[in-house]
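**Q**
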Amino acid sequence: MRSNDNDFAALDLAARLAAEYRRAVAAAPANPAVGYGEVHARFDRPVPDEGCDALDLIAELDRGARDGLRPIVAPRFYAWVNGSSHLAGVAADWLTSAWGQNCAGIPMTPAGSAVEAVAARWLLELLDLPAESSVGLVSGATIANTVGLAAARGEQLRKAGWNVEDDGLYGAPPLRVLVGADAHNTVFSGLRYLGLGEKRVERIATDDLGRMLPADLERALKGHSGPLIVIGQAGQINTGVSDPFAETAPLVHAAGGWLHVDGAFGLWARASAQHRHLLAGIEQCDSWATDGHKWLQTPYDCGFVIVRHEAAHRQAMDMQASYLTRDDRSFRHPGAYVPELSRRSRGFAAWAMMRRLGRAGVARMVEEDVRLAQVMARGMAEIPGVSVLNQPELNQFVVRFGEEHGPEVADRLTQATVDQIQRDAIAFMGTALWRGRLVMRMSVCSIATTDEDAAITIEAVRSAWARVQAAE
Ligand SMILES: Cc1ncc(COP(=O)(O)O)c(C=O)c1O
Numbered sequence: 000m001r002s003n004d005n006d007f008a009a010l011d012l013a014a015r016l017a018a019e020y021r022r023a024v025a026a027a028p029a030n031p032a033v034g035y036g037e038v039h040a041r042f043d044r045p046v047p048d049e050g051c052d053a054l055d056l057i058a059e060l061d062r063g064a065r066d067g068l069r070p071i072v073a074p075r076f077y078a079w080v081n082g083s084s085h086l087a088g089v090a091a092d093w094l095t096s097a098w099g100q101n102c103a104g105i106p107m108t109p110a111g112s113a114v115e116a117v118a119a120r121w122l123l124e125l126l127d128l129p130a131e132s133s134v135g136l137v138s139g140a141t142i143a144n145t146v147g148l149a150a151a152r153g154e155q156l157r158k159a160g161w162n163v164e165d166d167g168l169y170g171a172p173p174l175r176v177l178v179g180a181d182a183h184n185t186v187f188s189g190l191r192y193l194g195l196g197e198k199r200v201e202r203i204a205t206d207d208l209g210r211m212l213p214a215d216l217e218r219a220l221k222g223h224s225g226p227l228i229v230i231g232q233a234g235q236i237n238t239g240v241s242d243p244f245a246e247t248a249p250l251v252h253a254a255g256g257w258l259h260v261d262g263a264f265g266l267w268a269r270a271s272a273q274h275r276h277l278l279a280g281i282e283q284c285d286s287w288a289t290d291g292h293k294w295l296q297t298p299y300d301c302g303f304v305i306v307r308h309e310a311a312h313r314q315a316m317d318m319q320a321s322y323l324t325r326d327d328r329s330f331r332h333p334g335a336y337v338p339e340l341s342r343r344s345r346g347f348a349a350w351a352m353m354r355r356l357g358r359a360g361v362a363r364m365v366e367e368d369v370r371l372a373q374v375m376a377r378g379m380a381e382i383p384g385v386s387v388l389n390q391p392e393l394n395q396f397v398v399r400f401g402e403e404h405g406p407e408v409a410d411r412l413t414q415a416t417v418d419q420i421q422r423d424a425i426a427f428m429g430t431a432l433w434r435g436r437l438v439m440r441m442s443v444c445s446i447a448t449t450d451e452d453a454a455i456t457i458e459a460v461r462s463a464w465a466r467v468q469a470a471e
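Take the sequence shown: its position 239, counted from the start at 1, is 238 in numbering that gives the first Met the number 0, and no numbers get skipped.
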């Protein structure tokens, strides 16, 4: 069946509806008007016997889903580390989908492969990471961590005379994995997928804010020999702090190990002259994971794995088949660095956001978000009864309410205040556990957030907290 006029018209309709949504969302309440159950009921019908017109179904999709959308792209969304799916990236993504480019290889998509290669180089330049590194464009930081760790596993075992890619882990020499005590959960997912075990890892102690303690790492590595992976972090999910890489990297390398960095959002501090000192020494590491759909503001799904040792990266990921010809081995083969064969040409949206913002725009965005996080942290700390637990050095901070009443009461008051803020729907934040206690977590990761939003957010917190106290 060929596309008919209405299939083509559906593209225009989708563009019009999307623009309508995006124009309205900045002023929209921070909560969806309806929840999962309502939206599910609207769509939950038997598989239709007959198809329908594309114009009708796009209208039906918009009608059925729009009021159940969480305004993640709105400027006062702080609950999770989510970017704002910038319209420039969205537009490039639409083209990517319309072009139907499968980035499995150069013959499959010369343009998709070429633009991805340029996006990969730009990324290394923006983050000032070693130019010889290879870059894979993956679905997000979870998979970027997994790929980086797969390269690490292969290389470390190869040095011990074992080929894990050929022979698996059966009978392999033991591989030690050391992780900071405040690592993100997704690192453990990667370890699980790779047969390295979530529980088998050794935890390295961290400081009050979650930075790996070099002295504890040194203790753990004393006398070590053999395969070793250490996983560090740039940007702790609650406090935003990063490991002291200038101290940890030499320790790991002296022990013959591989240092991988989960930098899902924090790695972007490298793009700012003002904040790059927070990541001093990170360029000495062996692999890095980061996201485009967080601080680069690309639409989902866009993550990057960066590996200093290209051969190890390729050996872990490359896949060949007789029907996948490679037209020129001197070009970067996009499939050599990622686990998927078929995938969207993610490079177009990544290129689009770097092109839209430029080096200065990325730096400004990071600096603005950090400044706004600091403004909000200061503003909230001035409200009586509100404790800001970390002065943000980056974009993340955590807050408690009613600490003077003791930890259990403060847990309850913090939950009640966040619930009230969510009901008010002026801003959207969530809770997390930090050091065993409930906190309100703030993540300032959108290019859309302004000083006005910061002021409105502080007032939203003040007002919700006042009502929670009055109800006590
Ligand atoms: C520090 C850190 N690592 C990894 C991830 C996982 O990233 P993704 O959701 O893109 O897979 C996140 C997500 O918030 C994160 O903050």
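Each residue gets a CB set at the ideal place from its N, CA and C atoms; glycine is no exception. Here the structure is a predicted model, which is why all the values come from computation and not from measurement.
#1: Take Thr-416 and list the residues in its own chain whose beta-carbon comes closer than 6 Å to its own, dropping the five residues that flank it on each side.
#2: Quick one: does the C-beta of Val-80 sit closer than 6 Å to a heavy atom of ligand 1?
#3: Does DSSP put Gly-209 in a helix, a strand or coil?
#4: Let me confirm a value: Gly-34 is counted as buried when at least 16 other C-beta atoms fall within 10 Å, else exposed. Which label applies?
#5: Is it the case that the Cβ atoms of Leu-190 and Glu-217 are separated by a distance below 7 Å?
#6: Going residue by residue through the stretch 320–393, where are the continuous beta strand (DSSP E) segments of at least 3 residues, counting only ones entirely within it?
#7: CB of Asp-261 to nearest heavy atom of ligand 1: below 6 Å?
#8: Comparing the CB of Asp-290 with every heavy atom of ligand 1, is any distance shorter than 6 Å?
#9: Quick check: the stretch 234–251 against the stretch 161–172, are there 3 or more CB pairs under 8 Å?
#10: Near Asp-92, which residues of its chain fall below 6 Å by C-beta distance, leaving aside the five closest residues on each side in sequence?
#11: Please classify Ser-2 as buried or exposed, where buried requires at least 16 other C-beta atoms within 10 Å of its C-beta.
#12: Using the three-state DSSP reduction, which class does Val-178 fall into: helix, strand or coil?
#13: Ordered along the chain, which non-local residues of its own chain (more than five positions away) have a Cβ less than 8 Å from that of Leu-86?
#14: To the nearest whole angstrom, what separates the beta carbons of Glu-392 and Leu-277, a pair I think is in contact under 8 Å?
#15: Using the Cα positions of Ala-424 and Met-316, report the straight-line distance between them to the nearest angstrom.
#16: Less than 8 Å between C-beta atoms, sequence neighbours within five positions excluded: which residues of the same chain meet that for Ala-14?
#17: Going by DSSP, which residues form a beta bridge with Ala-288?
#18: How should His-332 be labelled, buried or exposed, when 16 other C-beta atoms within 10 angstroms of its C-beta is the threshold for buried?
#19: Just confirm the distance between the C-beta atoms of Val-46 and Ala-64, as a whole number of angstroms; I'd bet it's less than 8 Å.
#20: Ignoring anything shorter than 3 residues, give me the beta strand (DSSP E) runs that lie fully in the stretch 388–450, in order along the chain.
#21: Between which two residues does the alpha helix (DSSP H) containing Val-114 stretch?
#22: Report the residue from Arg-152, Asn-394 and Asp-66 whose alpha carbon sits nearest the alpha carbon of His-312.
#23: Looking at the secondary structure, which residues open and close the beta strand (DSSP E) in which Leu-227 lies?
#24: Considering only DSSP beta bridges, list what Arg-202 is partnered with.
#25: Which value, in whole angstroms, describes the spacing of the CA atoms of Arg-422 and Glu-367?
**A** A quick look at the data gives this:
#1: Position 417 of the sequence shown, counted from the first residue, corresponds to residue 416. Closer than 6 Å at the Cβ level, and outside the excluded window around Thr-416, lie Phe-400, Ala-463, Trp-464 and Val-467.
#2: Working through the sequence shown from its first residue, we reach residue 80 at position 81. Yes, since a heavy atom of ligand 1 falls inside the 6 Å radius drawn around the Cβ of Val-80.
#3: The count along the sequence shown starts at 1 and reaches residue 209 at position 210. Here DSSP, grouped into helix, strand and coil, assigns Gly-209 to coil.
#4: Position 35 of the sequence shown, counted from the first residue, corresponds to residue 34. Label assigned to Gly-34: exposed.
#5: As a first step, residue 190 is located in the sequence shown; it is residue number 191 there, counting from the start. As a first step, residue 217 is located in the sequence shown; it is residue number 218 there, counting from the start. No, they are not a contact pair.
#6: Complete beta strand (DSSP E) runs here, min 3: 385–387.
#7: In the sequence shown, the residue the question calls residue 261 occupies position 262. Yes - ligand 1 has a heavy atom lying nearer than 6 Å to the Cβ of Asp-261.
#8: Taking the sequence shown and counting its residues from 1, the one referred to as residue 290 is at position 291. Yes - ligand 1 has a heavy atom lying nearer than 6 Å to the Cβ of Asp-290.
#9: no
#10: The count along the sequence shown starts at 1 and reaches residue 92 at position 93. These residues qualify, in order along the chain: Pro-298 and Ala-348.
#11: Here residue 2 refers to the residue found at position 3 when the sequence shown is read from its first residue. Classification of Ser-2: exposed, given that the 10 Å Cβ count is below 16.
#12: The residue labelled residue 178 in the question sits at position 179 within the sequence shown. Reduced to three states, the DSSP call for Val-178 is strand.
#13: For the purposes of this step, residue 86 is taken as residue 87 along the sequence shown, with counting starting at 1. Once the five neighbours on either side are set aside, the close Cβ partners of Leu-86 are Arg-21.
#14: As a working note, residue 392 is residue 393 in the sequence shown. As a working note, residue 277 is residue 278 in the sequence shown. Contact holds; Cβ gap of about 6 Å.
#15: In the sequence shown, residue 424 corresponds to position 425, counting from 1. In the sequence shown, residue 316 corresponds to position 317, counting from 1. Taking the straight line from one Cα to the other gives about 44 Å.
#16: Taking the first residue of the sequence shown as position 1, residue 14 is located at position 15. Same-chain partners within the cutoff: Trp-93.
#17: The residue labelled residue 288 in the question sits at position 289 within the sequence shown. In the DSSP output, where bridge partners are listed per residue, Ala-288 has Asp-261 and Val-304.
#18: By 1-based counting over the sequence shown, the position of residue 332 is 333. The residue is buried, with at least 16 neighbouring Cβ atoms inside 10 Å.
#19: Residue numbering aside, residue 46 sits at position 47 when the sequence shown is read from its first letter. Residue numbering aside, residue 64 sits at position 65 when the sequence shown is read from its first letter. Contact doesn't hold; Cβ gap of about 18 Å is too wide.
#20: 395–400, 429–433 and 436–442
#21: Residue mapping note: residue 114 aligns to position 115 of the sequence shown, counting from 1. From DSSP, the alpha helix (DSSP H) with Val-114 extends over 109–126.
#22: Your numbering for residue 312 matches position 313 in the sequence shown. Of Arg-152, Asn-394 and Asp-66, the residue nearest in Cα terms is Arg-152.
#23: As a first step, residue 227 must be located in the sequence shown, where it is residue number 228. Note, Leu-227: beta strand (DSSP E), 227–232.
#24: What you label residue 202 is simply residue 203 of the sequence shown in a count that begins at 1. Partner(s): Val-178.
#25: Taking the first residue of the sequence shown as 1, we reach residue 422 at position 423. Taking the first residue of the sequence shown as 1, we reach residue 367 at position 368. Rounded to the nearest whole angstrom, the C-alpha separation of Arg-422 and Glu-367 is 28 Å.
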